[in-house]
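First residue of the sequence shown? That's 947 in our numbering, and the numbers climb one at a time after it.
All C-beta atoms, glycine included, are put in the ideal place defined by N, C-alpha and C.
Every value quoted in this text rests on a predicted model; they were computed, and no experiment measured them.
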Amino acid sequence: MYYGQIYFNDVANGIGCRTAFFVSGCTHHCKGCFNEMTWDFMYGNKYTKEVEDEIVESLKPEYVSGLSILGGEPMEIVNQKEIRPLLERVKKEVPHATIWIYSGYTWEELNDKDNKRCHGEDTDAILSMIDVLVDGKFELEKRSLLLRFRGSSNQRVIDVPESLKKGEVVLSKYNDKEESRLS
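Laid out in C-alpha cells, this is it:
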C-alpha cells in the first residue's frame, strides 16, 4: 500500500486533534474530488513498518483524540490488507484513540458479503474496530460547505458500534444536517 500524506495534529477530519492518514488508491473517481492524485494506487510513499510506528506513536499523547483514515479509498480490498493490522495495533496500544474511516463505499455496500468490490476477508474486522464511518461517494451536485466532516449531503456520519449492535444504520451525533461550520 502507498499513502499520499499524513497530517499530525489535524482538526478537520473528525472530532478533536487527530492524525489523518491519506491512503493511495481509489476506483470511485468522484467528479470534483479534492484529492484526485490519490486515485493512483502507487501515488506518494510506500507504507512501511516505520510509517506504522510513526502513526501509532502520534496517537499516544492524551491530547490526541484518534486516527482518521481517508484517501484515496481505505476500503479498497487491497488497502484493507494493510488497514486491518494497523487498526489492530492501534486498538491494542492506544485504546483511548477513536478511529474514523472515510469511504466512498456505503455502509450497505461494505456489509454486503456478495459485494466483492469492497467486502473481503478483512472488512468485518475493520468495521468492528472503528468508531465512525463517513460513507458515500462525493457528489459534486450535492456539495455543501455547511456540512461538518463531509463534502456532500448524500454522505453520512455513522456511529459504527451502534449500527453493528442494532443491525441498521445509526447516524452519529456528528451527522448534522445543514448546520454551519461556524455556528
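Assigned secondary structure, residue i (DSSP; H/G/I helix, E/B strand, else coil)
i       : result
ARG1102 : strand
VAL1115 : coil
LYS995  : helix
MET958  : For the sequence presented, residue 958 should be read as Ala rather than Met. Of the three classes helix, strand and coil, the one that applies to ALA958 here is coil, per DSSP.
VAL1002 : helix
ARG1030 : helix
Other residues of its chain near residue i: CB distance less than 6 angstroms, five sequence neighbours each side excluded
i       : result
TYR953  : ALA966
TYR1051 : MET1021, CYS1064
VAL1010 : CYS963
Extent of the continuous beta strand (DSSP E) run through residue i
i       : result
ILE1045 : 1044-1049
VAL1078 : 1078-1081
THR1052 : It is not in any beta strand (DSSP E) - THR1052 carries neither H nor E in the DSSP assignment.
ARG964  : 963-969
Cβ neighbours of residue i in the same chain (closer than 7 angstroms, five flanking residues each side left out)
i       : result
VAL1040 : VAL1002, LEU1005, LYS1006
Supposed close pair residue i, residue j - CB separation, criterion 8 angstroms
i      : j       : result
GLU998 : ARG1035 : 7 angstroms
ASN959 : TRP1046 : 7 angstroms
Where the alpha helix (DSSP H) through residue i begins and ends
i       : result
ILE1015 : First-last for ILE1015: 1010-1016, but that is the beta strand (DSSP E), not the alpha helix (DSSP H).
THR1069 : 1069-1075
Cut-off 8 angstroms between Cβ atoms - residues of its own chain near residue i, not counting five sequence neighbours on either side
i       : result
VAL1078 : GLY960, THR1044, ILE1045, TRP1046, ILE1047, VAL1103, ILE1104, ASP1105, VAL1106, SER1118, TYR1120
Inset, instruction - Assess, as a yes-or-no matter, whether the region 971-984 is touched by the region 1015-1022 under the definition of 3 or more beta carbon pairs within less than 8 angstroms. - result: yes
Legend entry - Sufficient close CB pairs (3 or more, under 8 angstroms) joining the region 1087-1094 to the region 1055-1069: no
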